[in-house]
Each structure stands twice: as C-alpha cells, then as structure tokens.
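Q: Quick note: the sequence shown, position 272, residue 270 per my numbering, numbers continuous.
Take this structure, written in structure tokens, and hold onto it; I'll ask about it next.
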Amino acid sequence: MNPVVDIRSVACFSARLAAGPPMTWGIPLHYDEWVLDFCRYPGLHVKVEAPGVPVEPWARQSHTWHLYAPNTVYHEAAERPDLVVDKRWVLFALEGALPPLSDRRFLSAIDPDGVLEPLIVTMHELRTGGIGEALASRGLLLAMLGHLIAASHGPGDGITTPYIVRRPGRAQKDPTLRERVDTIVSARLRRPPSLAELAQTLHLSESSLSHRFKAETGMGVIERVRFLRVDAARRLLLEPEASVKSVASALGFSSPYHFSRIFTDIAGMPPSEWLRRNGS
C-alpha cells in the first residue's frame, strides 16, 4: 500500500515563548497525529519520551526539524523566553508504511540548504484553498518526508546529532569537514566546544583537525566557531526589542564587552553599529 497523508493542521508564526523563568519545562506535549516541527531559536531544550532516545534533555539545535510519531510525549524549555522564536509545524495522519520514518517515534534533522521551510510555507498559504490546493499540499508534505528519508541514509543518529537534509543531487554525498564542524558547533552556540572537544567528537587528533580544516576552508577552527556565533548574533539582533546585552546573554558570552570584541573582529564593526545600520 502506498503511503497516504492527510494534513490536519499547518502553522507558520513568530512569537515569544510562554512567559516564565528561563529553563522552565512546559506541560508535556503530545498529539494524536504525526507532528513535523521546525524551530529557529538558539536556546531551546527538549526531552522526548521514546525508545532509543536519551533520558536526559539536550539542547535543540536552531534551524532543526523534529518529527514526532503520534502520542509521543515531549517537553520544551527555553533559555531565553523573552526572545522571538520562529515556529513552523504540520500535523498529519499517515496511512501505510513509510520506512524508516514510520518505524521511529522521533527523528531530528537540520536543513542547511533551506529545502524544507519553503515547502511548509507554501502549504500554509494553500490551507484555505479547495480540492486542488489540498492535493498540492499533500504533495508538498510527501516531498518533505522524502527529503527526511534521504537524509536518514546519511551521517548522524537523527536524535541528538540531526540528520542533514540536502538539495537533490547532494543528499548522498558525505558532508565536508566544515559542515560536520558547523553541525556540532551550531548545536552548542551558548557553550561552544573547544578544539579538543571537537577533535574528540570527530575522532581526529587536534593537529589533524586543525590542518585539514585550514586546508579545506582557509580559516582556523576557532575562527569558524567565532564566525558561527557572530552569524547567529546578527540574526538575533534583528529581532524586535533586541539589544547588544540581550544577544550577548542569549549566546552565552561572558559579558557584552567580550561579545562586542568578538563581533567586531568578525564583522568589522561593533554590534551596536551593525544594529544601527541594519535594524528597523
């Protein structure tokens, strides 16, 4: 039997998370349908009650997609509830097998090429249409699930180390060393790994990691770590009511002064000046 999907709900919005102290776990979340959920936010933590998933919570990497099977219980907590989070989700029923997705209770994936988000945005735009729009939406959802299936054949465990979604033609290629470093660091922007920790995670010596990364990218590993944190800072500075102090805190810098120094080294100007030029 070919898989059949029935979309029950689709949402795209930006909002502050529920008010409350940082790292307050919300009520348990669970739905009768499948949930495919996207989050653009640098400080969300998650706990998932499912076989094969770690009992301890972990930091959810920004720009990741989570797929929850029906009635899978999960919990979320935010390091900075006052920051704006971009959320996209679709709730759907699935008839028939769609392995390996339908064999799991939970899956995570990161989409550095931006393949999936335009599909769900289009689904959201079609939600009030007629039969033709409904058919188109189901096709878009199947395309999204197909990308996740392709990603599941690549690196990662699809849990705390997300699968990597690629544009067609790139899905079966091994990720570059830079992409592997970016994936690890992006999951830990508040507490970035040291060179030694990165080398251990990648099963390389520190010298081998440094030499190979320099040869591939022309920059040092720590320079790349700083770039990724500053790149995240630029996005956060564009959020409503963002300030240099709030962004420095959200990304785990020891002080606004330290944040400003790193930002200036990478961006060529202080964050206050960057915000003045680019903010609304």
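Each residue gets a CB set at the ideal place from its N, CA and C atoms; glycine is no exception.
Because the structure is a prediction, the values reported are computed rather than measured.
If you follow the beta strand (DSSP E) that Glu93 is in, where does it begin and where does it stop?
A: Translated into the one-based positions of the sequence shown, residue 93 becomes position 95. In the DSSP assignment, Glu93 falls within the beta strand (DSSP E) that extends over Val82 to Glu93.
Q: Would you report the Cα separation of Lys85 and Ser100, rounded to the nearest angstrom?
A: Numbered from 1 along the sequence shown, position 87 holds the residue referred to as residue 85. Numbered from 1 along the sequence shown, position 102 holds the residue referred to as residue 100. Whole-angstrom Cα-Cα distance: 23 Å.
Q: Helix, strand or coil for Ile147 per DSSP?
A: What you label residue 147 is simply residue 149 of the sequence shown in a count that begins at 1. Note: Ile147 maps to helix in three-state DSSP.
Q: From which residue to which residue does the alpha helix (DSSP H) around Thr199 run?
A: Looking up residue 199 in the sequence shown gives position 201. Per DSSP, Thr199 belongs to the alpha helix (DSSP H) from Leu193 to Thr199.
Q: If you reduce the DSSP assignment to three classes, tell me which class Ala169 lands in.
A: Working through the sequence shown from its first residue, we reach residue 169 at position 171. Low confidence applies to Ala169: its pLDDT is 46, below 50, so where it sits in the model is not reliable enough to give any reading.
Q: Does DSSP put Asp229 in a helix, a strand or coil?
A: Here the question's residue 229 lines up with position 231 in the sequence shown. Helix, per DSSP.
Q: I'd like to check one pair, Met142 with Asp124: are the Cβ atoms closer than 8 Å?
A: As a first step, residue 124 is located in the sequence shown; it is residue number 126 there, counting from the start. As a first step, residue 142 is located in the sequence shown; it is residue number 144 there, counting from the start. Note on residue identity: the sequence assigns Leu, not Asp, to residue 124. Not closer than 8 Å, so no.
Q: According to DSSP, is Leu249 part of a helix, a strand, or is it coil?
A: By 1-based counting over the sequence shown, the position of residue 249 is 251. Reduced to three states, the DSSP call for Leu249 is coil.
Q: Considering only C-alpha positions, which residue in the set Val44, Leu34, Phe251 and Lys243 is nearest to Ser270?
A: As a working mapping, residue 270 is identified with position 272 in the sequence shown. Nearest C-alpha to Ser270: Lys243.
Q: With a threshold of 6 Å on Cβ separation, who are the neighbours of Ser7 within its own chain once the five nearest residues in sequence on each side are excluded?
A: The residue labelled residue 7 in the question sits at position 9 within the sequence shown. Closer than 6 Å at the Cβ level, and outside the excluded window around Ser7, lie Leu89.
Q: Could you please give me the residues that DSSP links to Arg38 through a beta bridge?
A: As a working note, residue 38 is residue 40 in the sequence shown. BP columns for Arg38 point to Asp84.
Q: With a threshold of 16 other CB atoms inside 10 Å of the CB of Leu133, please say whether the residue is buried or exposed.
A: By 1-based counting over the sequence shown, the position of residue 133 is 135. Classification for Leu133: exposed.
Q: Assign Tyr66 to one of two classes, buried (16 or more other C-beta atoms within 10 Å of its C-beta) or exposed (fewer than that).
A: The count along the sequence shown starts at 1 and reaches residue 66 at position 68. So Tyr66 counts as buried.
Q: Please state whether the Cβ-Cβ distance between Leu187 and Arg227 is less than 8 Å.
A: Reading the sequence shown from its first residue, position 189 is the one you call residue 187. Reading the sequence shown from its first residue, position 229 is the one you call residue 227. Closer than 8 Å, so yes.
Q: Compute the Euclidean distance between the alpha carbons of Glu54 and Ile260, then round it to the nearest angstrom.
A: Numbered from its first residue, the sequence shown carries residue 54 at position 56. Numbered from its first residue, the sequence shown carries residue 260 at position 262. About 32 Å.
Q: Would you check if there are 3 or more beta carbon pairs closer than 8 Å linking the region 36 to 47 to the region 74 to 85?
A: yes
Q: Among the residues of its own chain, which have a CB less than 8 Å from the CB of Gly218, if the five just before and after it don't count?
A: As a working note, residue 218 is residue 220 in the sequence shown. Cβ neighbours of Gly218 beyond the five flanking positions: Ser208, Phe211 and Lys212.
Q: With distances taken from CA atoms, which of Arg275, His145 and Val51 is nearest Ile157?
A: Counting from 1 along the sequence shown, the entry for residue 157 is found at position 159. The shortest C-alpha separation from Ile157 is found at Val51.
Q: Could you pull the start and end residues of the alpha helix (DSSP H) that Arg58 belongs to?
A: As a position in the sequence shown, residue 58 is number 60, starting the count at 1. Element bounds for Arg58: not the alpha helix (DSSP H) but the beta strand (DSSP E), Trp56 to Arg58.
Q: Please classify Tyr161: is it buried, with 16 or more other beta-carbons within 10 angstroms of its beta-carbon, or exposed?
A: Taking the first residue of the sequence shown as position 1, residue 161 is located at position 163. It counts as buried.
Q: Going straight from the alpha carbon of Ala169 to that of Ala148, what length do you get?
A: The sequence position of residue 169 within the sequence shown is 171, counting from 1. The sequence position of residue 148 within the sequence shown is 150, counting from 1. With a pLDDT of 46 at Ala169, under the threshold of 50, the modelled position of that residue is not reliable, and no figure is offered here.
Q: Take the Cβ of Phe257 as the centre, count every other Cβ of all protein chains shown within 10 Å, and call the residue buried at 16 or more, exposed below.
A: Stepping through the sequence shown from its first residue, residue 257 is reached at position 259. Buried: at least 16 other Cβ atoms inside 10 Å.
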